[in-house]
Amino acid sequence: MRIFLKLFSESISFALQALRANKLRTLLSLLGITIGIFSIIAVFTATDALENKMRADVASLGNSVVYVEKWPWLFGDNYPWWKFVNRPLVNQKEMTELNRKLNTSGAIAFVAYINGQVVKYESNAVENVTVLPISYEYNKIKNFELVSGRYFTESEVIAGRPVAILGDDVSSSLFPNGDAMDKTITIKGKKLTVIGTMKREGKSMVENSSDDKVMIPLNYARSLVNLRSENFGPQILVKAKEGITLTEMKDELRGAMRGVRRLQPSQDDNFALNEASLITNGLQSMFDTIGIIGIFIGGLSTVVGAFGIANIMFVSVRERTSIIGIQKSLGAKNYFILLQFLVESILLCLMGALVGLILIFFLSLLANSSFGGDGFNFTLTLNNLSLGLVIASITGLVSGFIPAYMAAHLDPVEAIRSNG
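Start counting the sequence shown at 234; every next residue gets the next number (this note's numbering).
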């Protein structure tokens, strides 16, 4: 082991001397590997940031929540769309009956989505706001934080009081001085009193952010629109009780919902039970595909870089043929010559990889300063860092092996006579 370590350190010393002696050639050799490693790890870093953001947004839907509605979130091949079209919408009465029947639910709520509304306060107005008519237990299912004010009382929801809770984008646009509390806003010509404002959540890839939304009591919303319309996408949200698995609650929920709609055993469900895992599972194949594309693009660059490294190593062997002959005549073993050139090739690739990884690190910092506020976190993880270095090492080993093998098996007499 001691002899090997000594030979290895000498090989590194020889390699560094050779690289310093040919700075321009070394620099040109690094470019291909730098581009290759940069391409692969940059794609993985961006994919990780996208995946983490998407998973966080999907998790905000609730991992223990089932959404009862007309349409499923995902469709299989050849789905019978005509059956889905004829399904009835869920309604508040069904929510009440489910709440009475279910034993595995911890909370149940009704919500609809009145999109594209204009919310006004005096001379200020915000367009494309989504108004959410909600039932009382909505805050037990959807996680959000109030920065001022309070949530609805049960009596306000039941009586349909004209009160509202504003998302951050809405409140900051209408009330730039932050004095939204107890002010009167107007939606569809109706006046409502602001009783709370929500903390900023940032953009959501599943459109689940509360920033551009206004929550109002469900019974008050009936004075604004007819909620018995598919345009408003009504949903019943059911959260599993503590200690109850989602599968257990979903099984009971399906039976209860079939009972509420008086479906016969031979009849298919005329409702959908959606959950966050449907989106997560559907996204995994997309992220796998992106990863494969990244490997392919970066792999091509790395292969081009590997040929460049191999070419440089052939030139290096030819230039140092006489030196190799002298080393062998003085007793240098074949494996020492082999190791000497392999180390040089691997060092070249590692240096190129480090340059690429440093570029990714600084680009990640730049990306975080630009997109970090929306929940994206670009980070050069230890796994990606290790992957880049491993790819570079393997590339150096493969591209340098043939030149190193040729150098190790040169005839010392012929090598000394060489003019290379």
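The C-beta atom is built at its ideal place from N, Cα and C for all residues, glycine as well.
*Glu-463, DSSP secondary structure in three states*: Numbered from 1 along the sequence shown, position 230 holds the residue referred to as residue 463. It is helical.
*Could you confirm whether any beta carbon from chain D is found closer than 9 Å to the beta carbon of Lys-474?*
Among the chains of the structure shown, chain D does not appear; only one protein chain is present.
*Compare the beta carbon distance of Phe-465 and Val-458 with 9 Å and say whether it is the shorter of the two.*
Here residue 465 is taken as the residue at index 232 of the sequence shown, counted from 1. Here residue 458 is taken as the residue at index 225 of the sequence shown, counted from 1. Here Phe-465 is near Val-458, since their CB atoms are less than 9 Å apart.
*By Cβ distance below 7 Å, which residues in the same chain neighbour Arg-394 in space, the five residues on each side in sequence not counted?*
The residue labelled residue 394 in the question sits at position 161 within the sequence shown. Annotation for Arg-394: Pro-450 and Tyr-453 place their beta carbon closer than 7 Å to its own, counting only its chain and skipping 5 residues before and after.
*What is the residue span of the alpha helix (DSSP H) that Phe-634 lies within?*
For this step, residue 634 is matched to residue 401 along the sequence shown. Per DSSP, Phe-634 is one residue of the alpha helix (DSSP H) stretching across 615-641.
*asked:* Which runs of the beta strand (DSSP E) at least 3 residues long sit entirely within the segment 441-494? Give them in chain order.
replied: As far as the segment 441-494 is concerned, its whole beta strand (DSSP E) runs of at least 3 residues are 446-450 and 468-473.
*Is the segment 489-503 close to the segment 351-368, with three or more CB pairs under 8 Å?*
The segment 489-503 makes no contact with the segment 351-368, as fewer than three CB pairs between them are under 8 Å.
*Answer yes or no: do Ile-273 and Leu-620 have a C-beta to C-beta separation smaller than 9 Å?*
By 1-based counting over the sequence shown, the position of residue 273 is 40. By 1-based counting over the sequence shown, the position of residue 620 is 387. Yes, Cβ-Cβ distance for Ile-273 and Leu-620 is below 9 Å.
_Cα-Cα separation, Asn-324 to Ser-518_ = The count along the sequence shown starts at 1 and reaches residue 324 at position 91. The count along the sequence shown starts at 1 and reaches residue 518 at position 285. So the two alpha carbons sit approximately 35 Å from each other.
*Would you mind working out which of Ala-358, Thr-267, Ala-279 and Ile-593 sits nearest Ile-526, comparing C-alpha positions?*
Here residue 526 corresponds to residue number 293 of the sequence shown, with the count starting at 1. Here the closest residue by C-alpha is Ala-279.
*Identify whether Tyr-568 lies in helix, strand or coil by the three-state DSSP scheme.*
Counted from its first residue, the sequence shown places residue 568 at position 335. Per DSSP, reduced to three states, the secondary structure at Tyr-568 is helical.
*Limits of the alpha helix (DSSP H) - the one that Ser-356 falls within*: Locating residue 356 in the sequence shown gives position 123, counting from the first residue. In this chain, Ser-356 is not harboured by any alpha helix (DSSP H), its DSSP state being neither H nor E.
*What does a CB cutoff of less than 7 Å around Pro-305 pick up in its chain, not counting 5 residues either side in sequence?*
Translated into positions along the sequence shown, residue 305 becomes position 72. Excluding five sequence positions before and after Pro-305, the CB atoms of its chain that fall closer than 7 Å to its own CB belong to Ala-505 and Asn-507, given in chain order.
*Taking just the CA atoms, how far does Ala-509 sit from Asp-401?*
Mapped onto the sequence shown, residue 401 falls at position 168. Mapped onto the sequence shown, residue 509 falls at position 276. Going by the C-alpha atoms only, they are around 25 Å apart.
*Which first and last residues belong to the beta strand (DSSP E) in which Phe-302 is found?*
Stepping through the sequence shown from its first residue, residue 302 is reached at position 69. The identity of residue 302 in the sequence shown is Glu, whereas the question assumes Phe. It spans 298-302 - the beta strand (DSSP E) in which Glu-302 sits, taken as one unbroken run.
*Ends of the beta strand (DSSP E) at Leu-331?*
To locate residue 331, count along the sequence shown from 1; it is residue 98. Looking at the DSSP string, Leu-331 is not in any beta strand (DSSP E); the run it does join, the alpha helix (DSSP H), is 325-334.
*If you draw a straight line from the C-alpha of Leu-630 to the C-alpha of Lys-474, how long is it?*
Here residue 630 refers to the residue found at position 397 when the sequence shown is read from its first residue. Here residue 474 refers to the residue found at position 241 when the sequence shown is read from its first residue. Roughly 57 Å between the two C-alpha positions.
_Outcome for Leu-335 when other beta-carbon atoms lying within 10 angstroms are tallied against a minimum of 16_ = The residue labelled residue 335 in the question sits at position 102 within the sequence shown. By the 16-neighbour rule on beta-carbons within 10 angstroms, Leu-335 is buried.
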